[in-house]
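So the sequence shown is numbered by the numbering used here: it starts at 3 and just counts up by one.
All C-beta atoms, glycine included, are put in the ideal place defined by N, C-alpha and C.
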Amino acid sequence: MKLPIKTQPLIYYSSRSENSHRFVTKLGLPATRLPMNAEDNTLIATQPYILLLPTYGGGGIKGAVPKPVIRFLNIAENRQFIRGVIAAGNTNFGTAFALAGNIIAEKCQVPYLYKFELLGTETDVRLVREGLERFWQHHTSTVL
Ligand SMILES: Cc1cc2nc3c(=O)[nH]c(=O)nc-3n(C[C@H](O)[C@H](O)[C@H](O)COP(=O)(O)O)c2cc1C
């Protein structure tokens, strides 16, 4: 079933470890969290948004984008409204660090705005907050 709720300009996924959730909480910006279980109801974006997600490929491409995110992006409206991607990961995965961002950027043809590790540093939080503000100012005339 599709959820008829108004989504925010930042939509994110975070699993049970909640690193990305903690990062988004530190941003202090309005955000909508995707349901964790791929089988649960998913959201329909009601306005342009930036997608933030962690990487789960275990060092590869397969599984790098979490299933609930794939399910969300399989909906046409959600692909239509995505404007950019921010991805998280763990640098232990080397070249596969935050690879989910590369996959989404390529598939959805949107800019890969930022990558950060685990729950992010204070610098990551500041740069993303400032970056998002600039990004939306720049995009106000082109949205919708
Ligand atoms: C099974 C598993 C596979 C992972 N694979 C990758 C990976 O391929 N690349 C990467 O950068 N991080 C990888 N990570 C690290 C997660 O992206 C990182 O822990 C992230 O902060 C999890 O976010 P979340 O707690 O919001 O779900 C993996 C973590 C797990 C548990």
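Can you tell me which of the three DSSP states residue 127 falls into? helix
Examine ligand 1 and report whether any of its heavy atoms sits within less than 6 Å of the Cβ of residue 39. no
Check for me: the alpha helix (DSSP H) holding residue 72 runs from which residue to which? 69 to 75
Any heavy atom of ligand 1 closer than 6 Å to the beta-carbon of residue 1? Because the chain is modelled from 3 through 146, residue 1 falls outside the range shown and cannot be assessed.
Would you mind working out which of 138, 46, 19 sits nearest residue 71, comparing C-alpha positions? Comparing Cα positions, the closest option is 46.
Contacting residues, own chain, Cβ-Cβ under 6 Å from residue 21 (five flanking each side not counted): 120, 121
Can residue 12 and residue 77 be called in contact, C-beta distance under 7 Å? no
Residue span of the beta strand (DSSP E) that contains residue 24, given as start and end: Element bounds for residue 24: not the beta strand (DSSP E) but the alpha helix (DSSP H), 21 to 29.
Within a Cβ cutoff of 8 Å, which residues of the same chain sit near residue 127, ignoring the five residues on either side of it in sequence? Hits under 8 Å: 25, 28, 29.
Taking 6 Å as the cut-off, is the C-beta of residue 103 nearer than that to any heavy atom in ligand 1? no
Look at residue 115 and residue 84 and say whether their C-beta atoms are less than 7 Å apart. No, Cβ-Cβ distance for residue 115 and residue 84 is not below 7 Å.
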